[in-house]
Each structure stands twice: as C-alpha cells, then as structure tokens.
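Counted the way my numbering counts, the sequence shown spans residues 12 to 213.
Each residue gets a CB set at the ideal place from its N, CA and C atoms; glycine is no exception.
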Amino acid sequence: MIHPVYLVDDDEAVRKALALLLSTVGITATGFADPQSFLAQVPKLPPGCLILDIRMPAISGLKLQERLTEQGIDWPTIVISGHGDIQACRLAFRNGAVDFLSKPVDEQDLIDAIQRAQDVLGRALDRSAEKAETLALLAALTPREHEVLDRIAGGFTTRQIAKGLGLSPRTVESHRAAIGAKLGTTSQAEMTRIWLEGRETP
Numbered sequence: 012m013i014h015p016v017y018l019v020d021d022d023e024a025v026r027k028a029l030a031l032l033l034s035t036v037g038i039t040a041t042g043f044a045d046p047q048s049f050l051a052q053v054p055k056l057p058p059g060c061l062i063l064d065i066r067m068p069a070i071s072g073l074k075l076q077e078r079l080t081e082q083g084i085d086w087p088t089i090v091i092s093g094h095g096d097i098q099a100c101r102l103a104f105r106n107g108a109v110d111f112l113s114k115p116v117d118e119q120d121l122i123d124a125i126q127r128a129q130d131v132l133g134r135a136l137d138r139s140a141e142k143a144e145t146l147a148l149l150a151a152l153t154p155r156e157h158e159v160l161d162r163i164a165g166g167f168t169t170r171q172i173a174k175g176l177g178l179s180p181r182t183v184e185s186h187r188a189a190i191g192a193k194l195g196t197t198s199q200a201e202m203t204r205i206w207l208e209g210r211e212t213p
C-alpha cells in the first residue's frame, strides 16, 4: 500500500518539482506552503510520510517536527535543506527523521528515502492495528476474567489461582475456558503475550 506524502515547503517551485518527481513513480504528494496550514489540516489527514523544508518563515521544519510530536504524531519525516547545517541534521534525526537531504535534492536519493519512510509507516500502522485488536479482545473480558488472566500471565497454576481468589479450581477452569474463547487461544504462552501487549504503552 502506498501511503500519502505531505510536502511542506514555502518555495512553490520546489513543491511543484518534487510533486512532479514523485508522480513519476506513482506517488501523489499534497503540498503545503507553510507549517501553519499543514498543522491546521493534520487532524483531518490520514497517516502519511512528510517532506519538510528545514528553513521556513515563522515555524521551521524542526519546530514543526516538535509540534507534531507534542500532538502524538510520529509520521516518518524526510527533512530537506539548502544549508549544510550539521547541527540541524542531528536535531532532525533526534526528532525522528528517516533522512536528511540537501538541496538540490538528488532524485534517486529522495525516492529511496520515501520508500524507507513508506516502509517505516507501514510497519507502525500494522503494529497500531494489532494493538487495537488486542485491546478489543481484552475489553471483552469480565473483571473476574481479568483477575484470572493476570494470574495466568504470572505463571500461577489453577489451584494457586483458585486459592488466591477464593474460588474452586473448577470455577477457575471455567473462567480460563471463557478467556480462551474470547482471546482465541488456550495457550498460556499466547494468553501471556496478549496480556503483555495490552499493557504496553501505545
């Protein structure tokens, strides 16, 4: 799947040239003349890859990266600059850039960078979808089933779980069967993996 590309550069000629280049490899780039207009549209945009000019009036490309991070948006970014600024390059990578290219941008370098960004975004979206699916599975459990699953993930036996929760072993086994049906697995290792994934920071 080809994800959207957003091009933020105050130079219209650069925006048009890069958009034309990307169109030759089947990628449509949406251009924005300044970071403010891009930030205003971000809530409505599907996840994509960013191409940012590092030096723009009012808000720089680096500052835009920081603003997006503050909003919880970590779309893969390619930073371009007409200035060989090593410090800016370091900051761009620290802010999560996948590449830093100098103007005039080499066409193949940009296409290669976009491909890397597409791959990064694809993997991130896959992980996000898996996380959402896991949380949906766990949300179907009752409070008691969550308690039992916590102990299953802790490596406790049925008898230990029963004793700890004041239940009969048969009741624990019933809960365990219900958990297995809801999570789609009876494997303790797989239940533990789902339990752990549900507790990871999104």
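Note down, in chain order, each residue of its chain lying with its Cβ closer than 8 Å to the Cβ of S48, except the 5 sequence neighbours on either side. none
Three-state secondary structure (DSSP) of T212: Residue placement at T212 cannot be trusted, given a pLDDT of 49 that sits under 50; the coordinates are not used to answer.
Give every residue of the same chain whose Cβ lies closer than 8 Å to the Cβ of I163, excluding the five residues on either side of it in the sequence, and list them in chain order. I172, R187, I190, Q199, M202, T203 and W206
Suppose the cutoff is 6 Å on Cβ atoms and the five residues either side in sequence are ignored; what does the same chain contact list for L102 look like? L73
What does DSSP give as the partner residues of D64 in its beta bridges? I91
As assigned by DSSP and simplified to three states, the class of D45: coil
Helix, strand or coil at D21 according to DSSP, with G and I counted as helix: coil
Would you report the Cα separation of T212 and L32, rounded to the nearest angstrom? A caution first: T212 carries a pLDDT of 49, below 50, which makes its placement in the model too unreliable to give a value.
So, helix, strand or coil for S113, using DSSP? strand
Tell me the DSSP secondary structure of V36 in three-state form. coil
Where does the unbroken alpha helix (DSSP H) through H186 begin, and where does it stop? P180 to L194
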